[in-house]
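Shown next, in structure tokens, is the structure this report addresses.
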Amino acid sequence: MTRPAAVADPGPRTARPFVQGLVDCSPFVLIVVPFSLLFGVVARDAGLDLLQVMSMSVLVIAGASQFTALALLQDNVPVFIVLLAALAVNLRMAMYSAALVPHLGHARLGVRALIAYLMVDQAFAVAAKKYEEEPKMTGGQKVAYYFGCMALICPIWYACTFLGAALGRAIPASLSLDFAVPVCFIALTAPMLRSGPHVISAGVSVVAAIAFAWLPWNFGLIVAALLAIIAGAQAELFFKRRTEART
Amino acid sequence: MIDTTSFWIVTILLGIGTFLIRFSFLGFFGGKELPGWLLLHLRYVAVAVFPALVTPLVLWPDATGGEIEPARLLGAIAAFAAGFRFGVVAAIVAGMGSLWLLQALL
């Protein structure tokens, strides 16, 4: 991460983790703006009114599944199939939910419900990386950091969906705004590849995503992710055993 | 045109379903200690999910009708290189910048 040292190391450990989260997540404004604008535009083109567009973005806040649902609804696919397909896109978040348990599981039920509602890829990725880098953070600091991550992203997501829906076709397709999505995930992943097991896990993920791309319902993603998780964990164990054998 | 009834059924149930997916482990295993082997695996969730998410978006984007487009491949590589070396902002700028540059040139 290219953040100033003053932010990475705020002196005493009690320094404001909420503000830190906000700062660490702020680069993703560059992604959320075009992505949510694009959703607004596409949804209006599909014939939804402003209330419908905003209801979807507020109730679901998961862009990829919203695009999926919209495309299938336009094709007059049965409601049940639309739901299954869109939910399959979000199934990865069950893994995020599990990964956050050791860090945020202590929070009150209502707080955990709010954490769940706000669980988007960027917030999860930024927070998980932070928790791994700074194991000394207290539970309260971790919760504050998480909400800091979303404090900027969430309102911008709502506002730009609205803007996109209101502006509509004024945004030209030649901007290739859809490419902001893969770029976002590349930006999230590249700085994580700091150890052998992480590199191995990411490599398995790419290869398996191609190998299982034929699976329906986006399940290729789930299979690839599970294989990559196992590969990463096993690689970590292997490297650890080898180091221990040497000493 | 999208049927209004279908739209509202999908939107409301998708909202509830997505929330339940997000809430699942955090909601029901909240206060519990997870076993060590599980914690080991959970550390790799992010790095295992994102590449699998990106790969089809770069190789077979909807915007090109599923065709491989060299500008997108190179844009992705540029984003990765910049992200690995310099971090998030550099990745975003390099990725979108090189895509636009290459689309203008190619």
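Top line first, the protein sequences correspond to chains A and B. Residue numbers for the first sequence follow numbering that gives the first Met the number 0, so the first one is 0 and each next one is one higher. Residue numbers for the second sequence follow numbering that gives the first Met the number 0, so the first one is 0 and each next one is one higher. Built from N, CA and C at the ideal position, the CB exists for glycine as well. Nothing here was measured: the structure is a model prediction, and the numbers come from that model.
Asked	Found
Integer-rounded CB distance, given that residue 231 of chain A should sit under 8 Å from residue 46 of chain B	7 Å
Stretch pair the region 189–204 of chain A + the region 232–244 of chain A: three plus CB contacts closer than 8 Å	yes
Validate contact between the region 29–40 of chain B and the region 123–134 of chain A using beta carbons, cut 8 Å, 3 pairs	no
Beta carbon proximity, residue 8 of chain A to chain B, threshold 8 Å	Residue confidence is low: residue 8 of chain A scores 47 on pLDDT, short of 50, so the model does not pin down where it sits. Its coordinate-derived value is still stated next. Answer no: the Cβ-Cβ gap between residue 8 of chain A and chain B never drops below 8 Å.
Enclosing alpha helix (DSSP H) for residue 62 of chain A [first to last residue]	62–73
Bounding residues of the alpha helix (DSSP H) (the contiguous stretch that carries residue 17 of chain A)	16–24
Where the region 58–70 of chain A meets chain B: residues whose CB sits under 9 Å from a CB there	58, 59, 60, 61, 63, 64, 65, 66, 68, 69 and 70
Proximity below 8 Å, CB of residue 77 of chain B to CB of residue 94 of chain B	yes
For residue 156 of chain A, the three-state DSSP class (helix, strand or coil)	helix
4-residue-minimum alpha helix (DSSP H) runs that sit fully inside the region 106–156 of chain A, ordered along the chain	108–116 and 120–132
Closer than 7 Å at the beta carbon, the chain B residues around residue 95 of chain A	44
Partner residues on chain B for residue 235 of chain A, Cβ-Cβ distance less than 9 Å	39, 42 and 43
Three-pair Cβ contact test at 8 Å for the region 132–141 of chain A versus the region 73–90 of chain A	no
DSSP-derived helix/strand/coil call for residue 194 of chain A	coil
DSSP three-state assignment for residue 212 of chain A, whether helix, strand or coil	coil
Cβ shell of residue 49 of chain A (< 6 Å), same chain only, five flanking positions each side left out	164
Inter-stretch contact (C-beta, 8 Å, three-pair minimum) for the region 65–73 of chain B and the region 90–105 of chain B	yes
Three-state class that DSSP yields for residue 1 of chain B in the structure shown	coil
Neighbour flag for residue 55 of chain B against chain A, beta carbons, 8 Å	yes
C-alpha distance - residue 58 of chain A paired with residue 12 of chain B, whole-angstrom precision	9 Å
Alpha carbon of residue 32 of chain B to alpha carbon of residue 137 of chain A, nearest angstrom	16 Å
Contacts of residue 44 of chain A in chain B (Cβ-Cβ under 7 Å)	Going along chain B, no residue has its Cβ under 7 Å from residue 44 of chain A, so there is no contact; the nearest lies around 11 Å.
Where residue 243 of chain A falls: helix, strand or coil (DSSP)	helix
Residue closest to residue 29 of chain A, alpha-carbon to alpha-carbon, out of A:86, A:181, A:200 and A:217	A:181
Exposure of residue 67 of chain A, with buried meaning 16 or more beta-carbon neighbours within 10 Å	buried
8 Å CB neighbourhood of residue 10 of chain B in its chain, flanking five on each side removed	none
CB-CB length for residue 23 of chain B against residue 96 of chain A, believed under 8 Å	5 Å
Environment of residue 2 of chain B [buried if 16+ CB atoms lie within 10 Å]	exposed
Interface positions of the region 11–36 of chain B facing chain A (Cβ-Cβ less than 9 Å), listed along the chain	11, 12, 13, 14, 15, 16, 17, 18, 19, 20, 21, 22, 23, 24, 25, 26, 28, 29, 30, 31, 32, 33 and 36
Residue 101 of chain A - containing alpha helix (DSSP H), residue span	91–103
Within chain B, partners of residue 192 of chain A - CB distance below 8 Å	46 and 83
Environment of residue 154 of chain A [buried if 16+ CB atoms lie within 10 Å]	exposed
CA nearest to the CA of residue 28 of chain B, picked from A:176, A:34, A:187 and A:106	A:106
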